[in-house]
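K.L.:
At position 326 of the sequence shown the residue is numbered 326 (the UniProt record's numbering), and the sequence of numbers has no breaks.
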Amino acid sequence: MLIDITDSDVPYELEILKSPEEIAPWLRYIQHCRDRPLVHQVSLYERAVRRFPRSYKIWKDYLDLRTSHVAGLNTSAHVHHFASVNACFERAFLLLSKMPRLWTDYLEFLMLQADTSITRRAFDRALQSLSVYQHYRIWPLYLQFATSNACDETAVSVFARYVYFQPREIESYVELLIDRGFYDKAVETLIKILDNSDFASVKGKSRFQIWSDLADTLIHHPKETARWPTNRILRSGIARYPDQFGKLWVSLASYYIYKGDIEQARDVFEEGMTTAMTVRDFSLIFDSYSEMEEINLSKLVEKEDPTFDREIDRLMAAFEQLMTRRTFLVSDVLLRQDPNNVVEWEKRVALWMGNDAQMVHTYAEALATIKPTKANGKLYKLWVSYARFYEQRDQPDWARVIFDKATKVRFKSINELVEIYIEWAEMELRLGEFDRASTILQTATKVPSINPSKIDFFNDDIPPQERLFKSMKLWSFYVDLLESAASEDHHLIDTVKKTYDIILQLKIGTPLTIVNYASFLWDLDRFEEAFKIYERGVELFSYPIAFEIWNIYLQKAIERKLGMERLRDLFEQALDGCPNNIVKPIFVLFGKLEEDRGLVRNAMKIYDRAARIVPENDKAEMFKYYIARTIENFGLAATRRIFERAINSLKGAEARDMCVDFIAVELKLGEVDRARALYAWGSQFSDPRTSPEYWTQWHEFELRYGNEDTYKEMLRIKRSVSAMFNTNIGYIAAQAVALKNQIVQQQENGFSESATPAGFVLSKDSEKKRQNQKLKLKQELELELEPEPEPEPEPQKPKEALKESNPDEIDINMDDI
1 MLIDITDSDV PYELEILKSP EEIAPWLRYI QHCRDRPLVH QVSLYERAVR
51 RFPRSYKIWK DYLDLRTSHV AGLNTSAHVH HFASVNACFE RAFLLLSKMP
101 RLWTDYLEFL MLQADTSITR RAFDRALQSL SVYQHYRIWP LYLQFATSNA
151 CDETAVSVFA RYVYFQPREI ESYVELLIDR GFYDKAVETL IKILDNSDFA
201 SVKGKSRFQI WSDLADTLIH HPKETARWPT NRILRSGIAR YPDQFGKLWV
251 SLASYYIYKG DIEQARDVFE EGMTTAMTVR DFSLIFDSYS EMEEINLSKL
301 VEKEDPTFDR EIDRLMAAFE QLMTRRTFLV SDVLLRQDPN NVVEWEKRVA
351 LWMGNDAQMV HTYAEALATI KPTKANGKLY KLWVSYARFY EQRDQPDWAR
401 VIFDKATKVR FKSINELVEI YIEWAEMELR LGEFDRASTI LQTATKVPSI
451 NPSKIDFFND DIPPQERLFK SMKLWSFYVD LLESAASEDH HLIDTVKKTY
501 DIILQLKIGT PLTIVNYASF LWDLDRFEEA FKIYERGVEL FSYPIAFEIW
551 NIYLQKAIER KLGMERLRDL FEQALDGCPN NIVKPIFVLF GKLEEDRGLV
601 RNAMKIYDRA ARIVPENDKA EMFKYYIART IENFGLAATR RIFERAINSL
651 KGAEARDMCV DFIAVELKLG EVDRARALYA WGSQFSDPRT SPEYWTQWHE
701 FELRYGNEDT YKEMLRIKRS VSAMFNTNIG YIAAQAVALK NQIVQQQENG
751 FSESATPAGF VLSKDSEKKR QNQKLKLKQE LELELEPEPE PEPEPQKPKE
801 ALKESNPDEI DINMDDI
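1. Does the beta-carbon distance from residue 633 to residue 588 come in below 7 angstroms?
2. Who are residue 341's beta bridge partners in DSSP?
3. When you compare each of 280, 688, 283 and 289 to residue 268 by their alpha carbons, which one comes out closest?
4. Let me know the secondary structure DSSP gives residue 277 once reduced to three states.
5. Determine whether the beta carbon atoms of residue 579 and residue 625 lie at a separation below 7 angstroms.
6. Touch check for the region 405-415 and the region 388-395: three-plus C-beta pairs under 8 angstroms?
7. Quick one: Cα of residue 496 to Cα of residue 423, how far?
8. For residue 319 and residue 273, I'd like the C-alpha separation in whole angstroms.
9. Taking a contact to mean a Cβ-Cβ separation below 7 angstroms, would you say residue 86 touches residue 116 in this structure?
10. Please go through the region 624-703 and give each complete alpha helix (DSSP H) segment of 4 or more residues, from N-terminal end onward.
11. Suppose you measure from the CA of residue 100 to the CA of residue 137; what does that come to, to the nearest Å?
12. Give the list of continuous alpha helix (DSSP H) stretches no shorter than 4 residues that lie fully inside the region 276-310.
13. When you compare only the Cα positions, how much space is there between residue 443 and residue 336?
14. Look up residue 709 in the DSSP assignment and say whether it is helix, strand or coil.
15. Which residue spans inside the region 416-497 form an unbroken alpha helix (DSSP H) run of at least 4?
16. Mind checking residue 75: buried by the 16 CB within 10 Å criterion, or exposed?
17. Which first and last residues belong to the alpha helix (DSSP H) in which residue 580 is found?
18. Taking buried to mean at least 16 other C-beta atoms within 10 Å of its own C-beta, is residue 676 buried or exposed?
19. Below 8 angstroms, how does it come out for the region 468-485 and the region 509-516: are there three or more Cβ pairs, yes or no?
20. Quick one: grab the DSSP three-state call for residue 33.
21. If I follow the unbroken alpha helix (DSSP H) through residue 159, where does it start and stop?
22. Terminal residues of the continuous alpha helix (DSSP H) containing residue 228?
23. CB-CB under 6 angstroms to residue 796, same chain, minus the five flanking residues each way: which ones, in chain order?
24. For residue 92 and residue 54, what's the separation of their Cα atoms in angstroms?
25. Taking the C-alpha atoms as reference points, what is the distance between residue 469 and residue 445?
26. When we look at the beta-carbon of residue 659 and count the other beta-carbons within 10 Å, is it buried (16 or more) or exposed?
27. Let me make sure I understand the geometry here. Which of 685, 569, 450 and 233 has the alpha-carbon closest to that of residue 554?
28. Can the beta-carbon of residue 618 be found less than 7 angstroms from the beta-carbon of residue 651?
29. Under the assumption that residue 285 contacts residue 333 (Cβ atoms under 8 angstroms), give the Cβ distance between them as a whole number of angstroms.
30. Looking only at its chain, what residues have a beta carbon closer than 6 angstroms to the beta carbon of residue 176, apart from the 5 residues adjacent to it on each side?
31. Would you list, in sequence order, the uninterrupted alpha helix (DSSP H) runs of no fewer than 4 residues that lie entirely inside the region 519-600?
32. So, using beta-carbon positions, are residue 471 and residue 418 closer together than 7 angstroms?
33. Does residue 359 pass the burial test, meaning 16 or more other C-beta atoms within 10 Å, or should it be called exposed?
34. Can you tell me the Cβ-Cβ gap for residue 481 and residue 425, rounded? I've got them flagged as a contact below 8 angstroms.
35. Check residue 241 in the structure and name its three-state DSSP category.
36. Here's the rule: buried if 16 or more other CB atoms are within 10 angstroms of the residue's CB, otherwise exposed. What is residue 33?
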C-alpha cells in the first residue's frame, strides 16, 4: 500500500533509516501520525510489524487501533472488517502466542461476533498456547462465553474442563448442570463430592446441605436419574443423618410420589412412622402422609365420576383409620425413645381402656419390656395397676398371682418392693382376708436366721428381697395392722409387743416407734410397761432426738402422778446432757411440777437455774417467766434481785426493756429514787434516735416526780448518750455502707482488713473517743447505782444506794428460794 509522505514525515523517515535496528524511532513516528487517516496509520504499523515482528508494544498498539476502529459496528453487516482484524490477531500470534494480554483482547473481540465455533477454538488455542499459570486470565472469559453464548453441551463441557483447573469450583459446576438440565451428571458429581472426605465447600455448605442437593435432584427428577439407586441412597442418608430423620423420610416418600407410585409412597410413610424416634420427626411424617391422602381424595372427589365412588370410600376409611391411629403411633414413638418409661406404659394402657384383652396384652408387654434396674419412674405402680385390673373384675386369684410375681422382681429401689407388699396386704384387707394380709406381711418381714445385723439396708448391690426385713415402713404398716386388730382380739397384744421388740432389736426403730409402742401400752393401762419403753427410747436415742421422747415421757409421768422423788430423778436425768438451746421447756415443766406438787422454793431454784443455763436468745423470756412466778408466789419486792441480775445479764434492747419493767415495779412499791436511778442505768442501752419512747417515759416521769435539778440531770445524760451513739445519721449511714462494701470487696479480692472502703478513712482516734465517752457515762451511772451484795460477784450490779428501807418489803432471802 503506497501512501504520500509529507514534509513533516521526512525527519522520521530519515531517523528510521539511520537506526534500522531501534524501535524508538518507529514509536515516535507512529505517535507523530496519530492524527492521520486510518489507512496511513495502518500502513505505517504494517511496515513496523514487518520490521519488528516480535515487538509486543507495536503489535498491541496496532491491534488496539484496529479493534477500536470496528467497535460499535454491526458484526453481521461488516463481516469482512471483523475478519480482517481477526487475521491481524492471527498474524500476531505467529510469534507472540505466549502473550496473555493479546489473547484476552482477541477473545473479547471474538465474543462480540456471532461465530461461536471460531471463538471456542480460539479459547482452546489460548489455553494450549499459554502456560498453565496464566490460564487464570483466560478462564473467566471462557466461562462467561460458555454460560452466555454457547449451547448447553458446550457450557457443560467447558465448565467440566474448568473444574480440572480449579477443583474448588465444582459446586458452581453442579449448579450449572442442574440449571441446564443435566441431572444425571449432577448426581454423579454430587456423589463424587460426598465421597471425598477432604472436600471443603467454598460456598459454606455443610455436607448435609450437599447431600440435600443430591436428594432433591434425585427426588424431583426420577426419570432423568433412573440409573441411580435412589431408594438406597436416600436410606443411607437417613442412617447418616438421624437428626434429619423426618425430613429425609418425607423426601423418600416424595420420590415415589413424583414417580406416580402412590402405594409405595404409603409404604414409606408407614415405615417412617413406625421407626421415628422423636415426636417432631413423627409429626413431620404423619402430616405429610395425611396431606398426601387428602390431596388424592380431593382429586377423586373433584372428578365427580361415579366409577370412583368405591375408591373414594376406601380412601376415606383409610384416612379416618390413620387419624385414629395417631395417638397410638405417638405412644409408640415415646416408648421407642425410652422403653423403660413407666409413665408412658401407663398411658399406653389407658389408651386401650374398655378393651380388656388389649389392656392385658399391654400390661404383659410393658412388664416384659421394662428392665427393673433401669426403670424410669415407679415400676411398682404398673404392677399394682395390673393387679387391681383383676381385682376390679372380681378375679382376686389372678391379682394374687400378679402380686406374687411382683415380689420376685429386683426393683431399683427397695421402697418399691415395700409398696408391693403393702398394696397386696391392703387388697386382702379390702377383700376381708385379714389372715392373708397378716401372713403376707409376716413373710415379708421375716428376719433371716444368719447374721441379720450384717445386712446393710442401703446397699443396692444386695437384692431388695434380702434387705426387706429392715424396712421401717413395712414394719410400721405391719404393726398398725396388728394394733387395729388387737383392739378387738386381745390375743394379738403379745404379737404386737413381740413385733415392736423385734423392730427395736433390729435397731431400725425411730422415736415415733418408741412413742407408738408406749402409747399402745398406755391405752391398755399397762403404764409401767409404757414407762419402760420410754426408758428404752431415751437410752437408744441421744439429744436432740431424745428431746421429744423425754417431753412425752415426763408429761405422761406427771399425768400418772408418780412420786415426787421419782419425778425429780426423771427430770434431772432429762436435764443431764440436754443442749442449752432446747432445755427451757423441760425447766418450765419441772418448775410447774414443783409449784403444783412440791415446794415453791424448789420451783424458784429451778427457774433460777434455767435463767443461768438457757442461751442468750431465751434469757429475756426466761427471766420474765421467772419474775412472773416470783410475783405470784412472793410479791413484787421479791423480784428486785432477779431484776438486778437480769439487767446485768441481758444486753441491748432486752436489757432496756427489763429496766422499764423493773422501774414499773419500783414505782408500784413507791421507790421513786430507785426508779430514777434505773432510768439512768437503762439509758446506756437507749439511743435517742431509735428508742424515743424510753426517753419520753423518763421525761414524763421527771415531770411527775422530779424537780428542776433531776430534769437537768436527765437532759445531761441524754446528751451524753447521744454523743456516745453519735447522732450524725448521715455519717453513720455512709460509714455503714462503706464498711459493708469494704467487707464484700475484701472477700472477693482477698484484700487486707485495713483497706478503707469507698474512699473513707477509718479514724482510730474517733473510735477511741467514742469508747471513752461510753466509759465515762457508765462511770457516772455507777455512781448513782450501788449493787447489793451477792453470794456470787457479778459485774455492774446496781448499787446499795437503791436499797432503801421499805416497811412493806417481805423478808425473804432470795438465796433460799
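Glycine included, every Cβ here is placed at the ideal spot set by N, Cα and C.
Here the structure is a predicted model, which means the values were calculated and not measured.
P.N.:
Taking the coordinates as given:
1. no
2. 376
3. 289
4. coil
5. no
6. no
7. 21 angstroms
8. 15 angstroms
9. no
10. 640-649, 652-668 and 672-682
11. 7 angstroms
12. 279-303
13. 38 angstroms
14. helix
15. 434-444, 464-467 and 472-486
16. exposed
17. Where residue 580 is concerned, there is no enclosing alpha helix (DSSP H), given that its DSSP letter is neither H nor E.
18. buried
19. yes
20. coil
21. 152-165
22. Per DSSP, residue 228 belongs to no alpha helix (DSSP H) and is neither H nor E.
23. Only weak support exists for where residue 796 lies, its pLDDT of 35 falling under 50; the coordinates are left without a value.
24. 8 angstroms
25. 4 angstroms
26. buried
27. 569
28. no
29. Not confirmed; about 10 angstroms, so no contact.
30. 159
31. 527-540, 546-559, 564-575 and 584-597
32. yes
33. buried
34. 7 angstroms
35. coil
36. buried
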